[in-house]
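Residue numbers (numbering that gives the first Met the number 0): 0 to 105. No residue lacks a Cβ here, since even glycine has one placed at the ideal position from N, Cα and C. Notes for the one structure printed next.
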Amino acid sequence: MPDRLAELQRQRALVQQDLARLDREIAEAQSRVDHSPTPETPHTRAVPALAITLPADADADAILNQYRSGEASVKTDVRKGCILYAVLAFAALILGVFSLYFMLRH
């Protein structure tokens, strides 16, 4: 147990040294801080970007709109897929139980 106590005291001394070093560095940094105000930068008005529409963009948008589907159809497709997955999983479970029953019956 005395070894444990000595180790803890050694670690505490190391931590105190680290804290003292940090306090010195903080004091040095605070003394070096320049309290003069920063010069103000002149304000310039930004030029608005021009909206340029290329014919290729319009063609691409037309093609994308042709294949877009509404949110409602996406929700129903997902719902149908989840229900189908649940039914198939349940059928596989029932098939597995029946096959085990018939194999282990004899």
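Which class does residue i belong to by DSSP, given the choice of helix, strand or coil?
i	result
Ala45	coil
Glu6	helix
Ser68	coil
Glu24	helix
Met0	coil
Val32	coil
Thr75	helix
Arg11	helix
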